[in-house]
Amino acid sequence: MSNNNEYSRPDHYTKKAKAQGFAARSVFKLEEIHQRHRIFQRGDAVIDLGCAPGSWSRYANQRTGEPLVGVDLVEVKSVPGTFLLGSVFDITPEALLAPLGRRADVILSDMAPLTTGDRFGDHVRQIELARRGLQLARQTGRPGATFVVKIFDGEDAPALLAELRAAFTSVKRLKPDATRDRSVEFFAIGLGLRQVEGL
Ligand SMILES: C[S@@+](CC[C@H](N)C(=O)[O-])C[C@H]1O[C@@H](n2cnc3c(N)ncnc32)[C@H](O)[C@@H]1O
0 MSNNNEYSRP DHYTKKAKAQ GFAARSVFKL EEIHQRHRIF QRGDAVIDLG
50 CAPGSWSRYA NQRTGEPLVG VDLVEVKSVP GTFLLGSVFD ITPEALLAPL
100 GRRADVILSD MAPLTTGDRF GDHVRQIELA RRGLQLARQT GRPGATFVVK
150 IFDGEDAPAL LAELRAAFTS VKRLKPDATR DRSVEFFAIG LGLRQVEGL
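The letter at position 126 of the sequence shown is residue 125 when you use numbering that gives the first Met the number 0, and the numbering goes up by one with no holes.
Structural data, given as structure tokens:
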């Protein structure tokens, strides 16, 4: 039986991810972000918010050579690091920082809710996740840290981008090639964290 649903059909990126040992095609989005903006250095401490099934975490570990800290509602297996099970709305900055032993150089947020088909509701819920990611980035990042965040475009995105511009020296936008054509998602890359909380 033919399957015309582009989200359930394994595509070029999904096959390539599996062949390279990554759990999800989303790894190629992070790879493109890194190739464009050189976000990872060897030795960097990384926090990955919404890290399951773990392809961003695995890629970050390969670039930094360091175990990282991740959090998700879903378990992550076979990636070097500490993976906390739970919601970002419940996790404390202290719980994320304890395994690292220092503030983070890079904070990643690829978080998205389970989409319902209600485009506006999905957008609002996704922006709440991205905004919580920004709050945790301020609370766990070192001065000058980098923050990569997925954003579902729509009515509430400009306000979030304004908050990002206030928090970082510079903010870049990117829609990676591996993002599906019809998707509303894009990524913001905050470079040079200046609104550091809790130091
Ligand atoms: C697109 S996936 C992340 C893929 C991951 N970057 C990778 O490459 O393997 C989005 C993730 O956000 C997580 N998520 C959604 N709401 C969350 C919440 N409140 N707290 C933590 N994680 C959440 C989901 O469970 C899901 O695993």
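We put the CB at the ideal spot given by N, CA and C, even for glycine.
Owing to the predicted nature of the structure, the values given are computational and were not obtained by experimental measurement.
By the three-class DSSP mapping on this structure, what secondary structure does residue i have?
i	result
G140	strand
R76	Checking the displayed sequence, the identity of residue 76 turns out to be Lys instead of Arg. Here K76 sits in coil by DSSP.
I126	helix
R118	helix
S1	The predicted model places S1 with a pLDDT of 39, which falls under 50 and marks its position as unreliable; any figure quoted below should be read in that light. Of the three classes helix, strand and coil, the one that applies to S1 here is coil, per DSSP.
L198	coil
L107	strand
G69	strand
L84	strand
L113	coil
L135	helix
Can you round the beta-carbon distance between residue i and residue j to whole angstroms, since I take them to be within the 8 angstroms contact cut?
i	j	result
L22	V45	According to the sequence displayed, residue 22 carries Ala and not Leu. That belief does not hold up - the Cβ atoms of A22 and V45 are roughly 17 angstroms apart, past 8 angstroms.
V75	P52	7 angstroms
G100	D71	Wrong, their Cβ atoms sit about 21 angstroms apart, outside the cutoff.
G132	S108	3 angstroms
| message | Taking 6 angstroms as the limit, name every residue whose beta carbon sits nearer than that to some heavy atom of ligand 1, in sequence order. | response | Counting only residues whose CB is nearer than 6 angstroms to a non-hydrogen atom of ligand 1, the list in chain order is A22, A23, S25, V26, G49, C50, A51, P52, G53, S54, W55, V70, D71, L72, V73, S86, V87, F88, D109, M110, A111, P112, L128.
Query raised in the report: In the region 7-64, which residue ranges form an unbroken alpha helix (DSSP H) of at least 4 residues, counting only runs that do not cross its ends?
Result: 11-18, 26-36, 54-63
Every unbroken beta strand (DSSP E) inside the region 150-190 [3 residues or more]
167-173
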